[in-house]
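Under mature numbering (1 follows the signal peptide of the UniProt record, and there is no 0), read the sequence shown as residues -17 to -1, 1 to 330, first letter to last. Think of the CB as a built atom: it goes at the ideal place given N, C-alpha and C, for glycine as much as any other residue. Notes for the one structure printed next.
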Amino acid sequence: MWTYIFKILIFPAIVFANLTNSTLYTLCRNSDLYEILETIINYEARFNSKYHYDWVFLNDEPFNENFKLLVSNAVSGNSYFGKIPEYMWEIPNSVNKSIMYSNINKIKNDPDGVYPYYDSISYRNMCRFESGFFYWHELLLNYDYFWRIEPGVKLDCDINYDIFKFMIENNFQYGFTISMLEYPKTIPTLFDSFLTSLNNLNKLDLLNSIENYSDFITNFENNDYNLCHFWTNFEIGNLNIFRSNDYNNIFKELDKFNGFYYERWGDAPIRTLILSLILKHPQIKRFENFGYQHEPYLQCPQDIQIKAENRCSCNSKLDITNKWYSCSWYFDGLNKRHSKIKMIRPT
Ligand code: GDP
Ligand code: MN
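Rendered as structure tokens:
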């Protein structure tokens, strides 16, 4: 009898009281169904089947019934499906569409070639949404921490602890796995616009601070943007930081330049520039021991003991960390020194 009462009443209370106020989060379309199912099954097996965290799915169109049925059955926690309000996913009135299309045409005719998604308006809406709006969506307002997951990504090692709890207990505000260089042609005026935004807010000093991560985003030689960005298809963050005045004031200033549409600013460099200035060492965590992949790159631990303990299925020889176009080896160096160092890229 007492065992029965314990099982029904007390045991679930212990388990659930232990969970942090966090959610897994995916932005996707109905057409991403099969890719997101593969990813959910992988994340459940490697992590969430031990914790049963909620999973929030957002879309610029309503999710259909098949999507909701198959997805909610694959997630071990509660699934929530939301539509993004139009004002978060549309070209703002301040954008002059003829300038936007004429810039897209210039890229199309660029003899040096085009860059990914250069002509997709929905991709631009997506980048702006992920930069300055997702954390205001009503379904995410309920949570403190989120873990962003995209259709098609894969964990290659088990995560044997509550990663959200780990973030909170260690006072980490943002976590990532892969970081790398951005295509310069997608952001020709981003850094100048960023400087103007900081100046308008009287915050230019942040660029010279050694307490924050300004050294992660600037060149040693000339303080220009070094193109490093956290790859946002894997990110764990404190939503309250994204909802802070510090983050949003800078985002709103930057957004006035309409660079999501006149150029093709990605959410990753935007996120990285702002967070690197408003967070202080050591509030950003690189999860260097996670096996993780998003085409065409992967992170895979080198240590054989770590791989064995976490049942990693990846090939360490393919790990991106020390490649010249990665910024993770550089991040690790900064973290140890907390001051500006000269970055010498491996060849
Ligand atoms: P990439 O990682 O930069 O190659 O871009 P993705 O195609 O993976 O898009 C990034 C994220 O935004 C993924 O989670 C996509 O599912 C999502 N996404 C991109 N475009 C759209 C769109 O038009 N509608 C919706 N609902 N999601 C989108
Ligand atoms: Mn992707």
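Alpha-carbon spacing of residue i relative to residue j, whole angstroms
i       : j      : result
Phe50   : Ile267 : 34 Å
Met71   : Phe203 : 37 Å
Asp37   : Asn216 : 18 Å
Ser77   : Leu189 : 29 Å
Asn88   : Ile193 : 41 Å
Ile(-4) : Leu123 : Note on Ile(-4): pLDDT 43, under 50, position unreliable in the model; the coordinate value appears next. The alpha-carbon atoms of Ile(-4) and Leu123 are separated by roughly 25 Å.
Asn221  : Asp127 : 6 Å
Ile161  : Tyr313 : 12 Å
Cys11   : Glu133 : 7 Å
Ser180  : Gly242 : 13 Å
Asn1    : Gly60  : 14 Å
Glu73   : Ile261 : 27 Å
Leu281  : Lys290 : 15 Å
Tyr101  : Thr169 : 8 Å
Three-state secondary structure (DSSP) of residue i
i       : result
Phe129  : strand
Ala(-5) : Confidence in Ala(-5) is poor, its pLDDT being 45 and thus under 50, which makes the residue's placement unreliable; the coordinate value appears in the next sentence. Looking at Ala(-5) - three-state DSSP - the assignment turns out to be helix.
Thr304  : coil
Thr169  : helix
Tyr17   : helix
Phe270  : coil
Lys263  : strand
Leu256  : helix
Any non-hydrogen atom of the ligand MN within 7 Å of residue i CB
i      : result
Asn216 : yes
Glu165 : no
His212 : no
Glu133 : yes
His264 : no
His277 : yes
Residue range of the alpha helix (DSSP H) that includes residue i
i      : result
Tyr106 : Ile104 to Gly115
Leu7   : Careful: Leu7 lies outside any alpha helix (DSSP H), inside the beta strand (DSSP E) at Ser5 to Leu10.
Gln288 : Ile287 to Glu292
Lys148 : Ile146 to Glu152
The ligand GDP heavy atom lying under 7 Å from the CB of residue i
i      : result
Met109 : yes
Cys140 : no
Thr169 : no
Ser176 : no
Where the beta strand (DSSP E) through residue i begins and ends
i      : result
Ile200 : Where Ile200 is concerned, there is no enclosing beta strand (DSSP E), although the alpha helix (DSSP H) it sits in stretches over Ser197 to Ile200.
Tyr275 : Tyr275 to His277
Asp155 : It is worth fixing the name first, because residue 155 is Phe in this sequence and not Asp. It is not in any beta strand (DSSP E) - Phe155 carries neither H nor E in the DSSP assignment.
Ser162 : Ser162 to Leu164
Tyr280 : Tyr280 to Gln282
In chain order, each beta strand (DSSP E) run of at least 3 residues that lies wholly inside the region 204 to 249:
The region 204 to 249 contains, as complete beta strand (DSSP E) runs of 3+ residues, the segments 211 to 213 and 218 to 221 (chain order).
For the region 25 to 88, list the beta strand (DSSP E) runs that are entirely contained and at least 3 residues long, ordered along the chain.
Those beta strand (DSSP E) runs which fall completely within the region 25 to 88 and span 3+ residues are 37 to 42 and 62 to 66.
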